[in-house]
Amino acid sequence: MSVSSQAPWMGAVQRLALLVGGTVLTLVVLLLLTGHDPAIALRALVRGAVGSWYALTSATLVRAIPLALTGLCVALAFRAGLLNIGAEGQLLMGAAAGTAVLTALGASLGAFALPLALLSGVIAGAAWAGVAALLRQRFGVLEVISTIMLNFVALYTVGWLVRGPLQEPTGIYPQSASLPKAVQLPLLWTGTRLHVGLVLAVLFAVGLWWWQGRTASGFRLRAVGQNPHAAATIGRIDVARVSVLAFLASGALAGLAGTVELTGVTFALYENLSPGYGYTAIAVALLARLHPLGVLGTAVLFGALQAGGNAMQRDAAVPIALVNVVEALLILLVIAGDRLGAARRATA
Amino acid sequence: MAAPTAPAERPAALALRGVTKRFGDVVALDTVALEVRAGTVHALLGENGAGKSTLMRVAFGLLTPDAGSITLAGVSCSPPFTPRDAMARGLGMVHQHFSLVAAMTVAENVALGATGRYEATRVADTVRAIGERTGLVLDPAARIADLPVSAQQRCEIVKALARDVRVLILDEPTAVLAPDEAQALLRWVRTFADADPSHAVVIITHKLRDALAVADDITVLRRGVRVATGPAAQFTEASLAEAMLGPGERSAQVDAEVRAPRDRMSAAPHAATPHARDGTDTTSAAVLSAHDVVVRDTDGITRVRNASFTVHAGEIVGLAAVEGSGQHALLRAVAGLLPVTGGQLQTPADVAFVPEDRHRDALLLDASLTENLALRDAGRRSGHLPWRALADRTTSLLTARDVRAAGATAIARTLSGGNQQKFVLARALDEAPSALIVENPTRGLDFRATAAVHDALRAARDAGLAVLVYSSDLDEVLVLADRVLALHDGVVHEVPREREAVGRAMLGVWSDASMTHADRATPTHTPSPGAST
Numbered sequence: 003m004s005v006s007s008q009a010p011w012m013g014a015v016q017r018l019a020l021l022v023g024g025t026v027l028t029l030v031v032l033l034l035l036t037g038h039d040p041a042i043a044l045r046a047l048v049r050g051a052v053g054s055w056y057a058l059t060s061a062t063l064v065r066a067i068p069l070a071l072t073g074l075c076v077a078l079a080f081r082a083g084l085l086n087i088g089a090e091g092q093l094l095m096g097a098a099a100g101t102a103v104l105t106a107l108g109a110s111l112g113a114f115a116l117p118l119a120l121l122s123g124v125i126a127g128a129a130w131a132g133v134a135a136l137l138r139q140r141f142g143v144l145e146v147i148s149t150i151m152l153n154f155v156a157l158y159t160v161g162w163l164v165r166g167p168l169q170e171p172t173g174i175y176p177q178s179a180s181l182p183k184a185v186q187l188p189l190l191w192t193g194t195r196l197h198v199g200l201v202l203a204v205l206f207a208v209g210l211w212w213w214q215g216r217t218a219s220g221f222r223l224r225a226v227g228q229n230p231h232a233a234a235t236i237g238r239i240d241v242a243r244v245s246v247l248a249f250l251a252s253g254a255l256a257g258l259a260g261t262v263e264l265t266g267v268t269f270a271l272y273e274n275l276s277p278g279y280g281y282t283a284i285a286v287a288l289l290a291r292l293h294p295l296g297v298l299g300t301a302v303l304f305g306a307l308q309a310g311g312n313a314m315q316r317d318a319a320v321p322i323a324l325v326n327v328v329e330a331l332l333i334l335l336v337i338a339g340d341r342l343g344a345a346r347r348a349t350a
Numbered sequence: 002m003a004a005p006t007a008p009a010e011r012p013a014a015l016a017l018r019g020v021t022k023r024f025g026d027v028v029a030l031d032t033v034a035l036e037v038r039a040g041t042v043h044a045l046l047g048e049n050g051a052g053k054s055t056l057m058r059v060a061f062g063l064l065t066p067d068a069g070s071i072t073l074a075g076v077s078c079s080p081p082f083t084p085r086d087a088m089a090r091g092l093g094m095v096h097q098h099f100s101l102v103a104a105m106t107v108a109e110n111v112a113l114g115a116t117g118r119y120e121a122t123r124v125a126d127t128v129r130a131i132g133e134r135t136g137l138v139l140d141p142a143a144r145i146a147d148l149p150v151s152a153q154q155r156c157e158i159v160k161a162l163a164r165d166v167r168v169l170i171l172d173e174p175t176a177v178l179a180p181d182e183a184q185a186l187l188r189w190v191r192t193f194a195d196a197d198p199s200h201a202v203v204i205i206t207h208k209l210r211d212a213l214a215v216a217d218d219i220t221v222l223r224r225g226v227r228v229a230t231g232p233a234a235q236f237t238e239a240s241l242a243e244a245m246l247g248p249g250e251r252s253a254q255v256d257a258e259v260r261a262p263r264d265r266m267s268a269a270p271h272a273a274t275p276h277a278r279d280g281t282d283t284t285s286a287a288v289l290s291a292h293d294v295v296v297r298d299t300d301g302i303t304r305v306r307n308a309s310f311t312v313h314a315g316e317i318v319g320l321a322a323v324e325g326s327g328q329h330a331l332l333r334a335v336a337g338l339l340p341v342t343g344g345q346l347q348t349p350a351d352v353a354f355v356p357e358d359r360h361r362d363a364l365l366l367d368a369s370l371t372e373n374l375a376l377r378d379a380g381r382r383s384g385h386l387p388w389r390a391l392a393d394r395t396t397s398l399l400t401a402r403d404v405r406a407a408g409a410t411a412i413a414r415t416l417s418g419g420n421q422q423k424f425v426l427a428r429a430l431d432e433a434p435s436a437l438i439v440e441n442p443t444r445g446l447d448f449r450a451t452a453a454v455h456d457a458l459r460a461a462r463d464a465g466l467a468v469l470v471y472s473s474d475l476d477e478v479l480v481l482a483d484r485v486l487a488l489h490d491g492v493v494h495e496v497p498r499e500r501e502a503v504g505r506a507m508l509g510v511w512s513d514a515s516m517t518h519a520d521r522a523t524p525t526h527t528p529s530p531g532a533s534t
């Protein structure tokens with residue numbers, strides 16, 4: 003917790019190695035239990051995740067981008083003591099807002115179209131989180147409940163949009179018109195699908211890490227998250243204000259993830275735009291112990307798992323659901339490990 | 002204090018022999034023996050951490066001893082011995098922190114943990130019957146959350162009696178009570194023990210006076226070892242204090258703490274403290290001044306109806322009040338944490354506040370001490386936090402104020418309660434505020450830590466701070482204060498610094514001699530406009 007000291011690199015590397023090892027081990031056990039040949043399945047997994055430059059960039063890292071941005075969203079909220087489970091809904095609203103801006107004004111904005119679309123996603127995500135923040139502040143509604151509910155509202159709102167106002171011109175498919183090349187995020191490497199969203203994710207992770215550790219406002223966020231009573235009494239911090247701002251910032255990150263996914267990967271709005279990135283983000287954030295830089299690491303790990311899982315399903319006929327089970331088990335293992343460690347420290 | 006009449010052949014109500022309990026490398030209890038004679042009240046004395054509660058938790062089956070035996074009414078309790086077994090054998094324990102469900106009624110709480118069907122009327126009848134038999138009267142339909150602390154405590158005891166408990170263990174029962182309530186409880190304990198030869202009560206306490214007032218026998222523990230035991234008549238407050246603290250460890254400070262309550266019991270005028278009290282107060286500036294102040298809490302309930310007082314530079318003003326009188330709202334208003342909704346309150350910008358619940362309101366328990374130092378007024382900071390300078394400052398603070406910690410990077414949770422409180426005080430005083438507001442500054446601390454905190458408060462006073470101290474322990478108010486304010490039902494009265502007068506004023510009874518305004522006590526001080534008479 004001592005942010006003032008130098009980053010414990012060895013600890014982080016060790017932890018990541020442990021996580022990867024734990025993942026492989028759990029997977030092998032599950033594969034054996036379900037009657038699959040672990041050797042074949044794992045080979046497919048590794049090939050799909052990191053087997054080639056294309057697999058690494060276009061499968062793993064492309065998936066890691068929305069996971070990292072939504073993971074930062076969750077980590078920021080949890081740090082502030084807010085259980086924002088609504089990254090999925092905030093992401094969808096961000097994607098919807100971006101689509102609306104680009105389809106309505108895209109041609110007239112020229113070079114400003116893409117930045118404005120990203121900005122609209124940020125605002126939409128913050129606004130969607132703002133609904134939960136308002137409910138919490140004014141009426142004491144638990145944000146766990148309201149954000150989950152708002153996920154469904156967002157999902158069905160997108161469903162209506164792609165069959166109504168934002169549907170593609172022919173009116174056949176439940177999706178928006180494809181975005182023209184001009185408003186797509188530039189690629190980092192030609193020949194791959196890796197777009198500049200990766201740079202955004204890294205910038206935000208480093209920025210958040212620096213802000214939380216070094217600045218007074220970042221410290222206020224952590225203080226409120228750790229103990230709102232002491233923050234108010236000793237710190238004379240306006241806890242309600244810090245909470246609302248943190249909630250908005252958290253939603254903004256998920257909204258950005260939505261527009262980045264829209265303009266970098268899917269190029270159109272449709273209901274299944276996100277395969278649950280906003281939910282997996284909770285795992286990403288928790289496994290990283292809410293550390294912004296750690297989120298980058300766990301986002302890549304989960305991106306690799308999902309990319310590899312797809313390959314495993316294709317090449318070794320192992321259902322992708324197995325990968326979801328592994329993700330869930332990892333969280334349980336890590337939480338249990340942390341608790342054990344804390345208990346041991348407490349008795350020492 | 003009738004002489005115990007239990008025949009010698011009757012076995013002890015509760016006997017512990019050779020009880021040893023280790024937590025890791027720490028020996029919490031070292032071959033401790035305790036014999037509670039049937040029909041008696043037994044006081045278990047000791048400093049915090051001496052092992053009193055641990056011993057009783059062993060007796061009640063909450064902890065399994067590493068060695069030793071437990072015998073209840075002559076029958077040995079073989080392991081595994083659980084609280085359920087203890088209660089089945091007639092042993093009950095009322096913990097310091099009550100285990101009641103606040104949202105439930107008295108009857109529901111009494112029924113909790115029993116087996117079979119819950120019949121509201123039957124349980125209500127039981128509660129009423131116990132009330133008639135023992136004088137512990139409770140409304141079975143009252144919600145626990147609506148009851149005062151003393152009634153909640155009665156409910157805990159009734160809960161035990163409803164299960165036919167004959168041997169009661171009470172853990173610090175008077176700590177939460179007003180003086181007259183504490184007296185009533187001790188009288189009840191006496192009556193209960195005398196009512197039946199199978200009855201007995203163990204009172205865990207660190208209040209010497211309570212022990213001497215009610216107990217037939219006293220046992221003193223020090224650092225997990227039994228250092229004294231015998232009939233209460235063998236002991237004096239001085240000998241008990243020496244047993245609790247150990248030979249040669251009594252500092253002048255602790256001496257004063259022990260002696261002070263006795264002085265007041267004899268109603269003798271209190272010896273003047275070293276600090277000058279001969280009117281010099283009136284010439285120093287009023288730092289805090291309140292005139293007809295009204296304060297509502299965060300729920301909008303009016304907690305302080307009329308508070309008028311002043312606190313001058315270089316004095317400690319003690320606030321005495323029974324729990325629920327509005328003291329917390331008043332202190333927070335003076336500290337600038339609650340708005341004043343009526344009257345005038347003049348305070349300097351730099352008021353430091355030490356809340357009573359340090360875990361809840363004063364510390365980030367999982368953060369370093371440096372971060373906890375940075376917490377002070379973090380709401381007013383902007384830009385970068387100078388972590389290196391803050392760490393240096395923390396380090397020097399730890400040395401200067403004798404806070405025992407592994408260093409500035411130590412996590413707050415790892416400090417002992419006394420050192421946490423010393424740190425909280427040191428942090429409050431760090432930037433030389435002009436006023437200091439403290440609330441129950443020694444709650445949960447042992448003698449030595451208490452003395453250190455008291456020293457720090459007196460040093461702050463001598464350095465010219467205006468200090469306002471509230472303590473739920475009246476003795477602490479009297480030991481510390483130069484002047485005393487009593488708060489009852491949201492109204493403040495200045496009262497003479499005498500135990501009886503303050504005790505009465507806390508309950509809303511004040512003599513004509515006492516005054517309602519601090520200004521009148523300091524006649525040379527010019528009243529501010531707007532002060533009512």
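Protein chains in written order, with this note's numbering: chain A, 3 to 350; chain B, 2 to 534. The C-beta atom is built at its ideal place from N, Cα and C for all residues, glycine as well. Since we're looking at a predicted model, the values are computed, not measured.
What is the rounded straight-line gap between the Cα of phenylalanine 236(B) and the Cα of leucine 213(B)? Working through the second sequence from its first residue, we reach residue 236(B) at position 235. Working through the second sequence from its first residue, we reach residue 213(B) at position 212. Going by the C-alpha atoms only, they are around 8 Å apart.
Given that aspartate 362(B) touches chain A, what residues does it touch there, using C-beta distances under 9 Å? Taking the first residue of the second sequence as position 1, residue 362(B) is located at position 361. Going along chain A in sequence order, the residues near aspartate 362(B) (Cβ under 9 Å) are Asn229, His231, Ala232, Ala234, Thr235 and Ile236.
C-beta neighbour in chain A for glutamate 316(B), strict 9 Å: In the second sequence, the residue the question calls residue 316(B) occupies position 315. No, glutamate 316(B) lies away from the interface with chain A (no Cβ there is under 9 Å from its Cβ).
Within chain B, partners of alanine 218(A) - CB distance below 8 Å: What you label residue 218(A) is simply residue 216 of the first sequence in a count that begins at 1. In chain order: Ala379, Arg382, Ser383, Gly384, His385 and Leu386.
Short CB-CB distance (under 9 Å) between glycine 343(A) and chain B: The residue you call residue 343(A) lines up with position 341 of the first sequence. Taking Cβ atoms only, chain B never reaches closer than 9 Å to glycine 343(A), which makes this a no.
On a CA-only basis, which of Asp463(B), Leu386(B) and Val203(B) is nearest leucine 15(B)? Give me that one, please. Start at 1 with the first residue of the second sequence, and residue 15(B) comes out as number 14. When only C-alpha atoms are compared, the closest one is Val203(B).
So is tyrosine 1(B) buried or exposed if we call it buried at 16+ other beta carbons inside 10 Å? Outside the shown range of chain B, which is 2 to 534, sits residue 1(B), and nothing can be said about it.
Grab me the residues of aspartate 393(B)'s own chain with a C-beta within less than 6 Å of its C-beta, minus the 5 sequence neighbours each way, in chain order. If you number the second sequence from 1, residue 393(B) lands on position 392. Here the set comprises nothing.
Which residue spans inside the region 354 to 401 of chain B form an unbroken alpha helix (DSSP H) run of at least 4? 370 to 376 and 388 to 401
Mind checking histidine 385(B): buried by the 16 CB within 10 Å criterion, or exposed? Taking the second sequence and counting its residues from 1, one reaches residue 385(B) at position 384. Classification of histidine 385(B): exposed, given that the 10 Å Cβ count is below 16.
Of the choices Arg167(B), Glu157(B), Ser417(B) and Gly114(B), whose alpha-carbon is the least far from that of alanine 39(B)? Taking the second sequence and counting its residues from 1, the one referred to as residue 39(B) is at position 38. That would be Arg167(B), whose Cα lies nearest to the Cα of alanine 39(B).
Short of 7 Å in beta carbon distance, which residues of its chain neighbour aspartate 31(B), apart from the five on each side in sequence? Order them along the chain. To locate residue 31(B), count along the second sequence from 1; it is residue 30. Cβ neighbours of aspartate 31(B) beyond the five flanking positions: Thr21, Gly225 and Val226.
Distance between beta carbons of leucine 46(B) and isoleucine 219(B), contact taken as under 8 Å: On the second sequence, position 218 is the one that residue 219(B) refers to. On the second sequence, position 45 is the one that residue 46(B) refers to. With 8 Å as the limit, isoleucine 219(B) and leucine 46(B) qualify as a contact, their Cβ atoms being about 6 Å apart.
Using a beta-carbon distance below 9 Å, is arginine 444(B) in contact with chain A? Locating residue 444(B) in the second sequence gives position 443, where the first residue counts as 1. No, no contact with chain A.
Residue from Leu246(B), Ser290(B) and Val318(B) whose Cα sits closest to the Cα of threonine 311(B): For the purposes of this step, residue 311(B) is identified with residue 310 of the second sequence, where counting begins at 1. Per the Cα distances, Ser290(B).
Enclosing alpha helix (DSSP H) for proline 68(A) [first to last residue]: For the purposes of this step, residue 68(A) is taken as residue 66 along the first sequence, with counting starting at 1. It spans 64 to 81 - the alpha helix (DSSP H) in which proline 68(A) sits, taken as one unbroken run.
Proximity to aspartate 490(B) [Cα-Cα], best of Arg389(B), Ala330(B), Leu162(B) and Ala287(B): In the second sequence, counting from the first residue as 1, residue 490(B) sits at position 489. Checked all of Arg389(B), Ala330(B), Leu162(B) and Ala287(B); the closest Cα to aspartate 490(B) is Ala330(B).
Report yes or no: is there a C-beta of chain A within less than 9 Å of the C-beta of alanine 375(B)? Mapped onto the second sequence, residue 375(B) falls at position 374. For alanine 375(B), the answer is yes, since a Cβ of chain A falls inside 9 Å of its Cβ.
Name the chain B residues whose beta carbon is nearer than 7 Å to that of isoleucine 239(A)? By 1-based counting over the first sequence, the position of residue 239(A) is 237. Within chain B, the residues near isoleucine 239(A) are Ala379 and Gly380.
Beta-carbon within less than 6 Å of threonine 493(B)'s beta-carbon, same chain only, minus the 5 sequence neighbours each way: which residues are those? If you number the second sequence from 1, residue 493(B) lands on position 492. It is worth fixing the name first, because residue 493(B) is valine in this sequence and not threonine. The answer, listed in chain order, is Ala308, Phe310 and Leu486.
Please state whether the Cβ-Cβ distance between alanine 436(B) and leucine 469(B) is less than 9 Å. For the purposes of this step, residue 436(B) is identified with residue 435 of the second sequence, where counting begins at 1. For the purposes of this step, residue 469(B) is identified with residue 468 of the second sequence, where counting begins at 1. Against a cut-off of 9 Å, the Cβ pair of leucine 469(B) and alanine 436(B) comes out as a contact.
What does the Cβ neighbour count give for arginine 278(B), buried or exposed, with the cut at 16 atoms within 10 Å? Here residue 278(B) refers to the residue found at position 277 when the second sequence is read from its first residue. Confidence at arginine 278(B) is low in this model, with a pLDDT of 42, below 50, so its placement is unreliable and the value that follows should be read with caution. The residue is exposed, with fewer than 16 neighbouring Cβ atoms inside 10 Å.
Interface partners of threonine 221(A) on chain B, CB under 7 Å: As a position in the first sequence, residue 221(A) is number 219, starting the count at 1. What sits at residue 221(A) in the sequence shown is phenylalanine, not threonine. Ala375, Ala379 and Leu386, listed in chain order.
Could you tell me whether the region 462 to 476 of chain B touches the region 290 to 306 of chain B, where touching means 3 or more Cβ pairs closer than 8 Å? no
Between threonine 192(B) and alanine 183(B), is the Cβ-Cβ spacing less than 9 Å? For the purposes of this step, residue 192(B) is taken as the residue at position 191 of the second sequence. For the purposes of this step, residue 183(B) is taken as the residue at position 182 of the second sequence. No, the pair does not count as a contact, with Cβ atoms beyond the cut-off.
What separation, rounded to the nearest whole angstrom, lies between the Cα atoms of glycine 91(B) and asparagine 441(B)? One-based indexing of the second sequence puts residue 91(B) at position 90. One-based indexing of the second sequence puts residue 441(B) at position 440. Looking at the two C-alpha atoms, the distance is approximately 36 Å.
Check the C-beta distance from aspartate 217(B) over to leucine 187(B) and give it rounded, since I have them as a contact under 8 Å. Sequence index remark: in the second sequence, residue 217(B) carries index 216 (1-based). Sequence index remark: in the second sequence, residue 187(B) carries index 186 (1-based). With a Cβ gap of about 13 Å, aspartate 217(B) and leucine 187(B) do not count as contacting.
Looking at glutamate 173(B): is its Cβ nearer than 9 Å to the Cβ of isoleucine 205(B)? As a working note, residue 173(B) is residue 172 in the second sequence. As a working note, residue 205(B) is residue 204 in the second sequence. Cβ atoms of glutamate 173(B) and isoleucine 205(B): closer than 9 Å.
Applying the 10 Å Cβ sphere with the 16-neighbour rule, what's the burial state of arginine 58(B)? Numbered from 1 along the second sequence, position 57 holds the residue referred to as residue 58(B). Result: buried.
Using beta-carbon positions only, say whether leucine 64(B) and alanine 87(B) come within less than 9 Å of one another. Locating residue 64(B) in the second sequence gives position 63, counting from the first residue. Locating residue 87(B) in the second sequence gives position 86, counting from the first residue. Going by C-beta atoms, leucine 64(B) is not nearer than 9 Å to alanine 87(B).
Is the number of C-beta pairs between the region 93 to 111 of chain B and the region 148 to 167 of chain B that are closer than 8 Å three or more? yes
Return the chain-ordered list of same chain residues with a C-beta closer than 7 Å to the C-beta of threonine 83(B), the five sequence neighbours on each side being excluded. Counting from one through the second sequence, the residue named residue 83(B) turns up at place 82. Correct list, in chain order: Gly62.
When you compare only the Cα positions, how much space is there between leucine 307(A) and threonine 300(A)? Within the first sequence, numbered from 1, the residue matching residue 307(A) stands at position 305. Within the first sequence, numbered from 1, the residue matching residue 300(A) stands at position 298. Taking the straight line from one Cα to the other gives about 10 Å.
Is the CB-CB distance between leucine 137(A) and valine 143(A) below 9 Å? Here residue 137(A) corresponds to residue number 135 of the first sequence, with the count starting at 1. Here residue 143(A) corresponds to residue number 141 of the first sequence, with the count starting at 1. It is a contact, given that the beta carbons lie within the stated cut-off.
Helix, strand or coil for isoleucine 71(B)? Go by DSSP, reduced to three states. In the second sequence, counting from the first residue as 1, residue 71(B) sits at position 70. Looking at isoleucine 71(B) - three-state DSSP - the assignment turns out to be strand.
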